[in-house]
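J.: All you need for the working numbering is the position in the sequence shown, starting with 1, plus 552. No residue lacks a Cβ here, since even glycine has one placed at the ideal position from N, Cα and C. These figures come from a predicted structure and were not determined experimentally. Just passing along the structure, written as structure tokens.
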Amino acid sequence: MRAVFSVTFRSGKRDVPQGGKLMQLKQVTITNYTPISDITLEVRRHLVLVGANDSGKTSILTCLDLLLSATTPMLYSHFQAWHFRDATKPIIISVDINNLDDKIQIAFGINNNRISEIKLTLSAFLDESQMLTIKREVLYNNTTKPVADSQLTGIGWELFDAGEVPCTASQYKTVLSGVMESTNLRQHGLSSLTQSFREQIEASPFLENLRERLAEKLIKTMPGNLNKDAVHLVPKDDIGTQVLGNIRVQVKRQNKSPHMIDCLDGMRSLYAVAIYDVLSRDASVVGIDEPETHLHPTIQRSLARVLQEESNQKIIATHSADIVGAFSPEHVAVVQPNGQVVQPARGFLGEDERIIARWWVHGRLEPLTARRIVAVEGISDRIILESAAEVTGRNLDRLGIALIEANGSGDMWPIYKLFGPKGFRIPISLLIDSDAVQHTSVRLGIPKNEFTQNSIYVSKRDLEDEYTRAIGANTLWNALRESKLFAHSELRGGGKTEQAVAAFCRKNSSNKVRAALVVSSLLNEELAIAIESVNSLLNAIELPR
């Protein structure tokens, strides 16, 4: 069904309609399709789908591809009885498309310039004898019309699966076939001699433009220096009967010039995505499934920036925290294991909150797919909480808990807003010190007497006080002295009181972390339970037996 790389190249960027707005998907609705729960998703500038394996991310892309590009025979080949969650009801896939450009207006016969939005719907029905009926319709100006397969090209949808990079010569031929088929190079005598063929390819202004644009993409994603002179379009040694059918991309780096199909998976994936991004410039909406496949994280980050640069709308399914972190949180939707999709409200973050939130998401995809999030003030709190969970048989990974360290209680608010009820609606618990109670209550709008029911737990006065009381001042002080994590000059004297030992442990960030490491080595189940705020939190998030 997927025509990977089957794109016709056109020089220059896609025209921007008058007024500066670009045609794009506005909303996606999917109902009664078994692989995913019924959803209605707002599509903003971009849509980035994240979730665990088999959660349904790819199913959303598949539904869009079925609606926007699949031919009628492809549709009848795809839909099976098991796709219907309820066989008595139709599967419905629909999109709202706005900012219509000339291309789509011509394709759908829209002559009224005041019509700026259409709804495209695919409906599949099963009758009592399990016979399948499928119809595709467009609705605008209160009029519904059937859609012919030939009209779909006006939408400008392309779907790319990075896991299907061309690995063999037969697969690879399609990468540039659109480019070559759209040129008149056959008229320039390129079939005479191989050498002449190479020279004419190098001299072609059309292909020089392609090389420049491909090099421009690769420069932004690949390590090291690269310019257009390092990118070559070369024929195979044996041209064969199809003069233009065996053109290959060759990139010269470090005095080596391997063909794209001869590269390792990572570089081949990078080249493939770069080529596809160049060739899909004319597409209005581009879907990409797991663009991070085989790529190093640094290249994933570069690739994410490249994907945002073009004017077309991107709909991406990914497991990469680096790619997710490059997009605004408002563009992200979480596909949960049960197939439900959670999307934060538009404009739910202010500018400052958005900056902090993007920093938290960057490199931290785990919270978006967790059963619950626990936010603590710093790394020392994390050490204690993880250790207490382990010795009491409540391993956080097993419980599906993502642990986030804030930079003090002041950063709890953007984390709570991003992941909590007003954001991605992931159950969230907070562990704070007593001095943060008033600030937290005001910022979150939660009265202090409702903290527990909102899963907010307070260490009295702080965690250092609580674990010192639980372990005992002398026992902890001796452990600090014996740990070799502190210099003798830092630990003068003895017979410390609980207040003095706790004060030493919280003296500065270095002391807090080193003391937490010592405490974690001392903890057993009894001591962990005695750290009241931590134990209360763990009791609350523990899975029911």
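Since Tyr1009 is in the beta strand (DSSP E), which residue starts that stretch and which ends it?
T.: 1008-1011
J.: How many angstroms separate the CA atom of Ile588 from the CA atom of Asn1091?
T.: 33 Å
J.: Give every residue of the same chain whose Cβ lies closer than 7 Å to the Cβ of Ser1088, excluding the five residues on either side of it in the sequence, and list them in chain order.
T.: Tyr1009
J.: Classify Asn895: buried if its beta carbon has 16 or more other beta carbons within 10 angstroms, exposed otherwise.
T.: For the sequence presented, residue 895 should be read as Gln rather than Asn. By the neighbour-count rule (16 or more Cβ atoms within 10 Å), Gln895 is buried.
J.: Quick check on the DSSP output: what are the complete alpha helix (DSSP H) runs of length 4 or more inside the region 945-971, in order along the chain?
T.: 964-971
J.: Comparing alpha-carbon positions, which option in Val989, Glu1034, Ile984, Cys1057 lies nearest Thr1020?
T.: Out of Val989, Glu1034, Ile984, Cys1057, Cys1057 has the C-alpha closest to the C-alpha of Thr1020.
J.: For Asp617, which of helix, strand or coil comes out of DSSP?
T.: helix
J.: Suppose you measure from the CA of Gly494 to the CA of Val690; what does that come to, to the nearest Å?
T.: For the chain, the structure presents residues 553 to 1097; residue 494 sits outside this window and is missing.
J.: Please name the residue in Gln865, Val1065, Tyr585 whose C-alpha comes closest to that of Val838.
T.: The residue among Gln865, Val1065, Tyr585 with its C-alpha nearest the C-alpha of Val838 is Gln865.
J.: Please name the residue in Phe879, Arg688, Thr610 whose C-alpha comes closest to that of Ile840.
T.: Thr610
J.: If you draw a straight line from the C-alpha of Val801 to the C-alpha of Val858, how long is it?
T.: Confidence at Val801 is low in this model, with a pLDDT of 49, below 50, so the placement of that residue is unreliable and no value is reported for it.
J.: What are the uninterrupted segments assigned as alpha helix (DSSP H) that are 4 or more residues long and contained completely in the region 861-935, given in chain order?
T.: 873-877, 903-913
J.: With a threshold of 7 Å on Cβ separation, who are the neighbours of Ala604 within its own chain once the five nearest residues in sequence on each side are excluded?
T.: Pro889, Thr921
J.: Assign Val690 to one of three DSSP states: helix, strand, or coil.
T.: strand
J.: Taking C-alpha atoms, which residue in Lys671, Glu957, Asp679, Ala700 lies nearest to Asn693?
T.: Lys671
J.: Are there 16 or more other CB atoms within 10 angstroms of the CB of Asn1063, so buried, or fewer, so exposed?
T.: buried
J.: Distance, Cα to Cα, Leu1043 vs Arg1033?
T.: Using only the alpha carbons, I get a separation of about 7 Å.
J.: Just how far apart, CA to CA, sit Tyr724 and Pro843?
T.: With a pLDDT of only 39 at Tyr724, under the threshold of 50, the placement of this residue in the model should not be trusted, and no figure is reported.
J.: Applying the 10 Å Cβ sphere with the 16-neighbour rule, what's the burial state of His598?
T.: buried
J.: Should the region 1065-1075 be called in touch with the region 935-945, which here means at least 3 C-beta pairs below 8 Å?
T.: yes
J.: Note down, in chain order, each residue of its chain lying with its Cβ closer than 7 Å to the Cβ of Thr705, except the 5 sequence neighbours on either side.
T.: Ala659
J.: Return the bridge partner residues of Asn650 from the DSSP annotation.
T.: Gln576, Glu669
J.: What does the Cβ neighbour count give for Gln576, buried or exposed, with the cut at 16 atoms within 10 Å?
T.: buried
J.: Using three-state DSSP, classify Ile658 as helix, strand or coil.
T.: helix
J.: Go ahead and label Met683 buried or exposed: buried means 16 or more other beta carbons lie within 10 angstroms of its beta carbon, across all protein chains shown.
T.: Exposed, by the Cβ-count rule.
J.: On the premise that Gly930 lies in contact with Gly960, defined as a C-beta separation below 8 Å, what is that separation, rounded to the nearest angstrom?
T.: 7 Å
J.: Use the C-beta contact count for Glu1078: other C-beta atoms within 10 angstroms, 16 or more gives buried, fewer gives exposed.
T.: exposed
J.: Are Ser1007 and Ser981 touching if we call contact CB-CB under 7 Å?
T.: yes
J.: Along the chain, where does the beta strand (DSSP E) that runs through Trp709 open and close?
T.: 709-713
J.: Using 10 angstroms around the beta-carbon of Gln739, count the other beta-carbons present and answer buried if the total reaches 16, otherwise exposed.
T.: Because Gln739 carries a pLDDT of 44, less than 50, the predicted location of this residue cannot be relied on, and the following value inherits that uncertainty. By the neighbour-count rule (16 or more Cβ atoms within 10 Å), Gln739 is not buried but exposed.
J.: Tell me which residue opens and which closes the alpha helix (DSSP H) that Lys1064 is part of.
T.: 1061-1074
J.: State the beta-bridge partners of Asp841 as determined by DSSP.
T.: Asp713, Ala869
J.: State yes or no: is the beta carbon of Leu1090 nearer than 7 Å to at least one beta carbon in chain D?
T.: Of the chains in the structure shown, none is chain D; there is only one protein chain.
J.: Who are the near neighbours of Glu918 in its chain, counting only those whose CB is closer than 6 Å to its CB and skipping five residues on each side?
T.: The residues are Ala954.
J.: Over the uninterrupted beta strand (DSSP E) stretch that includes Thr1049, give me the two end residues.
T.: Annotation: Thr1049 is outside any beta strand (DSSP E) and is labelled neither H nor E by DSSP.
J.: Compare the C-alpha of Ala622 against each of Met964, Val699, Ala1052 and name the closest.
T.: Val699
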